[in-house]
Every structure is written in C-alpha cells, then in structure tokens.
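So the sequence shown is numbered by full-length UniProt numbering: it starts at 1 and just counts up by one.
Positions of the beta carbon are idealized from the N, C-alpha and C atoms, including for glycine.
If you're wondering where the values come from, they're calculated on a predicted model, not measured in any experiment.
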Amino acid sequence: MLDQDLLLQGLEGQPWFEKNIPLLEVPDMTIQEVYYYRCEFLNPVNYGAPYGGIVAAAGHHITKGRWIRDTRYGQDISKYWLAGPGQFPKPMRDDINKDTSDWAHEYSFWAATALWRQYLVTGDKDFVIGQLANLVKQYRGWDNHYSSPLGLYWQAPVWDATEYTAASYESSDPYHGGAGFRPTINSYQYGDAIAIANIAALGGDSDLENEYRRRAESLQAVVQKHLWDNESDFYKHQARDDNPSGSLLGTREIMGYLPWMFDMPCKESQLAAFSQLKDSQGFFSKFGPTTAERRSKRFMYEAETCCRWDGPSWPFATSQTLTAIENVLHDCPVQKYITADDYYDMLHQYARTQYKNRQPYVPEAHHPDDDKWMYDGYNHSEDYNHSTFVDNVLAGLIGLRAQSGETIVVNPLTPSNWDYFAVENIAYHGHLITVLWDGTGSIYHRGQGLRVYVDGQLAGSRETIGLTKVEVGPSVPTPVSSRINIAANSQRDPRLPLAFASYTSPVDDPMRAINGMILRTGIPQNSRWTSYNSPNPEDHLGLDLRKDQAVDNMRLFFYDDSDGVRIPTNYDLQYWTGNARLSVPRQTRSPMPTNSNAETKIVFPSLLTSRLRVEAPNAGSGVGWGLSELGIWSSNE
Numbered sequence: 001m002l003d004q005d006l007l008l009q010g011l012e013g014q015p016w017f018e019k020n021i022p023l024l025e026v027p028d029m030t031i032q033e034v035y036y037y038r039c040e041f042l043n044p045v046n047y048g049a050p051y052g053g054i055v056a057a058a059g060h061h062i063t064k065g066r067w068i069r070d071t072r073y074g075q076d077i078s079k080y081w082l083a084g085p086g087q088f089p090k091p092m093r094d095d096i097n098k099d100t101s102d103w104a105h106e107y108s109f110w111a112a113t114a115l116w117r118q119y120l121v122t123g124d125k126d127f128v129i130g131q132l133a134n135l136v137k138q139y140r141g142w143d144n145h146y147s148s149p150l151g152l153y154w155q156a157p158v159w160d161a162t163e164y165t166a167a168s169y170e171s172s173d174p175y176h177g178g179a180g181f182r183p184t185i186n187s188y189q190y191g192d193a194i195a196i197a198n199i200a201a202l203g204g205d206s207d208l209e210n211e212y213r214r215r216a217e218s219l220q221a222v223v224q225k226h227l228w229d230n231e232s233d234f235y236k237h238q239a240r241d242d243n244p245s246g247s248l249l250g251t252r253e254i255m256g257y258l259p260w261m262f263d264m265p266c267k268e269s270q271l272a273a274f275s276q277l278k279d280s281q282g283f284f285s286k287f288g289p290t291t292a293e294r295r296s297k298r299f300m301y302e303a304e305t306c307c308r309w310d311g312p313s314w315p316f317a318t319s320q321t322l323t324a325i326e327n328v329l330h331d332c333p334v335q336k337y338i339t340a341d342d343y344y345d346m347l348h349q350y351a352r353t354q355y356k357n358r359q360p361y362v363p364e365a366h367h368p369d370d371d372k373w374m375y376d377g378y379n380h381s382e383d384y385n386h387s388t389f390v391d392n393v394l395a396g397l398i399g400l401r402a403q404s405g406e407t408i409v410v411n412p413l414t415p416s417n418w419d420y421f422a423v424e425n426i427a428y429h430g431h432l433i434t435v436l437w438d439g440t441g442s443i444y445h446r447g448q449g450l451r452v453y454v455d456g457q458l459a460g461s462r463e464t465i466g467l468t469k470v471e472v473g474p475s476v477p478t479p480v481s482s483r484i485n486i487a488a489n490s491q492r493d494p495r496l497p498l499a500f501a502s503y504t505s506p507v508d509d510p511m512r513a514i515n516g517m518i519l520r521t522g523i524p525q526n527s528r529w530t531s532y533n534s535p536n537p538e539d540h541l542g543l544d545l546r547k548d549q550a551v552d553n554m555r556l557f558f559y560d561d562s563d564g565v566r567i568p569t570n571y572d573l574q575y576w577t578g579n580a581r582l583s584v585p586r587q588t589r590s591p592m593p594t595n596s597n598a599e600t601k602i603v604f605p606s607l608l609t610s611r612l613r614v615e616a617p618n619a620g621s622g623v624g625w626g627l628s629e630l631g632i633w634s635s636n637e
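Written out as structure tokens, the structure is:
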C-alpha cells in the first residue's frame, strides 16, 4: 500500500527497517523523518551495568521496542534487567547509588508496566507470565525505600535520572541530595503494582493479583493525600528529611505529570494541572516543555553547565509527559484543559527539537527557548537513547491502543485538517495491522474514511476520525531466532572473544570492531578498526574465539571515509586449523559493497576453529581499509 522504497530512502541498513518497523506516512514531514530516525538506536556506556546497560531509561527502551517486529529486542532487554546482568551485585557507592545493591535498582524503573505494555502489543502470554516472579522481586527490591508511616516510597532526584533539580537544590548536596517522596518512584510503583496484578490474573494467580491490587489502591490514596498540592493543582516533591510538617516543594516540576502516565488519577478537578503545559509562566516554551516551571526561583539555575533538571527540556521527560496526555485524552472523561490539538502541537514541537544541523539528532537536553542542544558532549551524548518517540507516534498520535484480548482499539489524535495518514504492517499479536485515513479516497484508493486492516483484510472502518475497535483473532506465536552474534564483546570481557590486528591506526582499536554496534551515521566515528597509515602492503583483523567453536558465517561491515580509509578491492577470510592458517573453503559471498557500513555476508560449510581473520590489501600511500563491525551468528545453545 505504501511506497516502502520512497519512505525508507536514504536510511542506512534499509533491509533491517523493511523487516522490523511499521511504515509511517503522515503530512507532517518533521514527525515522519524523526520517526524513522528514532527507530534504530545504539549505544552501551562504560559506566553502566555489565555489558553497558543503564536502567534509568529501560522503561522507555522496552516500551519503544514493543513495536519492533523481531521480539528479541524487547524481550532480551527485559531479561537483561530482570534475569541477567541487571541482577548482578552493584557496589553501594555514592557515584552509582549508595542505597541499592544491584544494577536494576541503580535508578528508578517502571519494569512491570513496560513488560505489560510490551505484552499488549506482542501478545506473548508465555513470556510475560514467565517474568512474573522476577517482576515481583524487582518491585520488592524497593522495600528499603519505603516509609511505613506515610505508605510512600522515597528517592533521591539523581537516582530518578534527574540531576540538579529544584528539589535537590533545597538540600546541602544539589547533586546527590534532596531525597524525598516523589511523584516519580511512587507513580512507577503504582503502575507496576497494577501491571503485576494484571499479569498474575493472566497466569491464574488470584492471590498475587489481589495482593498487588491492594498495594496499588493504597499507593494511589497516599499519593493523593501527601503529594497533591490543592493550592497549585499539582503533584509535588515532599522532602524526606528535616520536614516534620510534610510540606511540599514550592516549584512545579515536570515529573508532576507522571501519575497520569500510569492512569492513576482521572478526576476533572485535577486535570487543571495540564493547563500549565500551555502557560508561559508554567512549562510552555518554544523547545519545551521545561522541566521546572518558569515561576520557580530555581528556573535555569546554573543551567549553563550539565546536567540541570531545573528548566532545560529533556526528551526523557517530554516523552513521559506526552504519554500522560495520551492517557488523559483516551482514558479520562472529556475535559477542557488539554486537547488533541494541544497534544499534536507538543508532539510536533518535540519532533522539531530533535535536529542538529538540519539532520535528525537527539542528545541529552535542549535549551527551552533557543534552538540549541545544551547538553551535547562529544563522543558521549550523540543519539542519546534515553526517551521514546516511536511509541508516542504509534500509541498516541495514530492511537493504537493495544488490548489484552483479541481486539485492537484505534483512536487517532491526529489534526482534523489532515487529509491522510497511514501506518502499515504493525506487528500485533502475531498479526499485521494497517491503519489508514483517506479524507477524500484519492490518496490510497481504498475508499474514503478511516480503515483498519488485519492481515490484509478490511476489519473495521468509519467515515470520520474516531474510535474504532476491531477483532484481530487469537494471538499467533511469533518465531524467534536463536542465533546470536558470538563475536560481540562490548565490555571487553577477557573471557569473551577478543580482536587482534596486524596494524591499527593510533586513533582506532580492534575491539571496537566487535562491540556489537554499527555506527551508520558516523557520529562519532569511533566504532571502527582501520589500517590507516599502515606501512604494510596488506593487513588483517582477526577474532580469537577463546575456544574451538563451530562457525558457518561471517558478516563484515567495511568502513570507508572517502579519504584515508577505503573499501578494499578484495579480501581473504582465513581460519586456524590448530597448526596452520588456511583460507576458509567453499565461501559464498555477497558482492563487495560500494557504500560504507553496508553488510557483506559470507557463508560456508560449518567448521571448527578458535580463530578467524580477514586479510585485505592496503591501497598504498597510507590509505588503508577498515571494519566498523565483524560478526559471527551462531545458535544460542
């Protein structure tokens, strides 16, 4: 229905997009371009948990990942945090949270909610029920942050991933201080209690379901009692220490919208809080929303240095706030404070913010009033994966409201003057869903109005944009490949495969070629090995597998900067027999690439070896060759 080649034109790795993402076509080219940019992301960090994970934005990652057709992405990151390295012991130090002892609790994390929302799209009942015990353990891992007298959880702002807030500036330690009872962790725990109850019901555990529904009800009541400020119509931070009266912070902060992200309140009297998003003295700004209201004495305090949450606009919070608005518009009674048009304006503003030098780009935080990213450290902030956008577009703008049963609800929040929009091949419960709006019938030639297709068959329609509920049918299990990249070693673990080379440019590193990442944008160009300025006529990059392993393929991503590093004219793939190095026999190769970072596949009959290497000639005069990535895919057994 949609022109796939046109929509994906210019994207690196187009075959991956074709296999994995819903195609989107909307009249707003800014939203459309950023949507495709945000569909593929990277990047581990050296200060995270083992293998580079940071739990702060894991809820965003899982929620966004639910729309990717290959369910391994979302399920693997869930298992990483709940049953893998996220559960490894963590030092209890100030710099990585002195109050928690494992990596999955370094930062606040809405784990169960993210997995429940993942299940609503994938329909994989067995997977989510299989994680139930882990989710309960994760929930109870916050028991040491629970105050029995208040019935609330406390957190330091920095471990909500919000450094230097208006709240923390009220303490003697603006970075690590300011611990309090906050809308953040209490909303997350409320949402997770509801999610655990839902998953327990799915698995037939009524006792656990009832326990967590009671926990949610209790938390909802005390959040309302202790954190809602009747004078300012807002949820606020309450300091934990030296606060006998339980007074609330004077400043409204963007986190005050988080209860709506989890459908906690819906009273019309409280929805007045959303008017602050449009108030020039509240959170409104040209590149907003701001993270603290402009009325605050702390607004933009010391914000010229990273990383302040007292005014700068953070995508982490913007995407959460958009989700809160989506829930209000979809789940709460009709009200006057926030509308679908307001939602679209804010989503468009969010998309427009995600540019640099006219190219889609998102680092850490943006100036609220000037067209510049404030926190954008070289070789650190590029393509900063700490928010979602894809989920806001699909679940919010297009209105794909995933359900637990055999239906899907479509209720778009698109502008009334749009003549068309379409999302094609949404993976949902093992089926493919397509939604299109054609105001005249002349764009897609499928008739006039809103149409919903299931597996290519028309399942529902209406003449106007509005709520449509259609039958999808039973969930169909989605096959998941067991093959993994056994070459990847992003954390340079000496027990895992190691890279070696005959020569390496001083600015490069062989291990970067097996870090599991392909930096297609070249920003920064630090995920590569090259032989630039080598004195040798040819060079090799090799892989030590640490033990004999059966291999039958290799994938190469040659790097080319059109200057001192060029794609070689040819190459040889060699393996170690135990006493000699030989060319791998009976290779079937894809053609030599013409563009940097295009995938080159090599397959061959399975052989047992502990070492392989790629050897290629240098062009001479210092011009070398390079690889952004080398991978070997094998069954995970």
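In its chain, beyond the 5 residues on either side, Phe287, Pro312, Ser313, Trp373 and Met374 have a beta carbon closer than 8 Å to the beta carbon of His367. Beta-bridge analysis with DSSP links Ile602 to Met554 and Arg589. Ala201 has its alpha-carbon roughly 6 Å from the corresponding atom of Glu209. By the CB criterion at 8 Å, Arg462 and Gly449 fall inside the cutoff. Proximity to Asp229 across Met517, Arg182 and Ile433 peaks at Arg182, based on C-alpha coordinates. Three or more Cβ pairs closer than 8 Å define a contact, and the segment 262-274 meets that threshold against the segment 330-349. Straight-line measurement puts the Cα of Pro259 at about 5 Å from the Cα of Ser187. Between Ile514 and Pro494, the gap from beta carbon to beta carbon reaches 8 Å or more. Listed in chain order, the beta strand (DSSP E) elements of length 3 or more contained wholly in the segment 467-546 are 468-471, 483-485 and 498-501.
The closest CA to that of Gly466, considering only Leu436, Ser481 and Arg483, is found on Leu436. When secondary structure is reduced to three states using DSSP, Leu322 falls in the helix class. Its chain contains His60, Pro315, Phe316 and Ser319 as the residues whose beta carbon lies nearer than 6 Å to that of Ser387, once the 5 sequence neighbours on both sides are disregarded; these appear in chain order. Going by C-alpha positions, Val480 is about 50 Å away from Ser232. For Asp376, same chain residues with a beta-carbon under 7 Å away, outside a window of 5 residues either side, are Pro363 and Glu364 in chain order. By the Cβ rule, the segment 320-328 does not count as touching the segment 295-312, because fewer than three pairs are nearer than 8 Å.
Comparing C-alpha distances from Glu538 to each of Tyr36, Val328, Pro617 and Glu599 shows the shortest one belongs to Pro617.
Per DSSP, the continuous beta strand (DSSP E) segment holding Asp438 begins and ends at His431 to Asp438. Comparing alpha-carbon positions, the option among Lys547, Val551, Thr530 and Arg555 lying closest to Ile567 turns out to be Thr530.
Residue burial is scored here from C-beta neighbours: Lys98 has fewer than 16 other C-beta atoms within 10 angstroms and is therefore classed as exposed. Note that the C-beta distance between Ile602 and Leu630 is not below 8 Å. Counting C-beta pairs closer than 8 Å gives fewer than three between the segment 449-458 and the segment 55-71, which falls short of the contact rule. Here Asp279 is exposed. Its C-beta has fewer than 16 other C-beta atoms within 10 Å. In the DSSP assignment, Glu463 falls outside any alpha helix (DSSP H) and carries neither an H nor an E. Contact between Pro157 and Ser168 holds: their C-beta atoms lie close to 5 Å from each other, under 8 Å.
Cβ-Cβ distances below 7 Å link Phe284 to Leu277 and Lys278 in the same chain, with the five nearest sequence neighbours on each side left out; the list follows chain order. For Asp263, the closest C-alpha among the options Ala216, Gly250, Arg308 and Gln87 is that of Ala216. Pairwise C-beta distances place the segment 402-422 in contact with the segment 437-446, as three or more of them are shorter than 8 Å. In terms of Cα proximity to Asn392, the closest of Gly141, Tyr343 and Ala501 is Tyr343. DSSP places Ala427 inside the beta strand (DSSP E), whose first and last residues are Tyr420 to Tyr428. Ranked by how close their Cα comes to the Cα of Gln270, the residues Asn536, Thr600 and Cys332 have Cys332 in first place. Annotation: the continuous alpha helix (DSSP H) that includes Leu219 extends over Ser206 to Leu227.
Going by beta carbons, Tyr35 and Val390 fall inside the 8 Å limit.
Runs of beta strand (DSSP E) with 3 or more residues, each lying fully within the segment 349-426, are found at 373-375, 400-402 and 407-410, listed in chain order.
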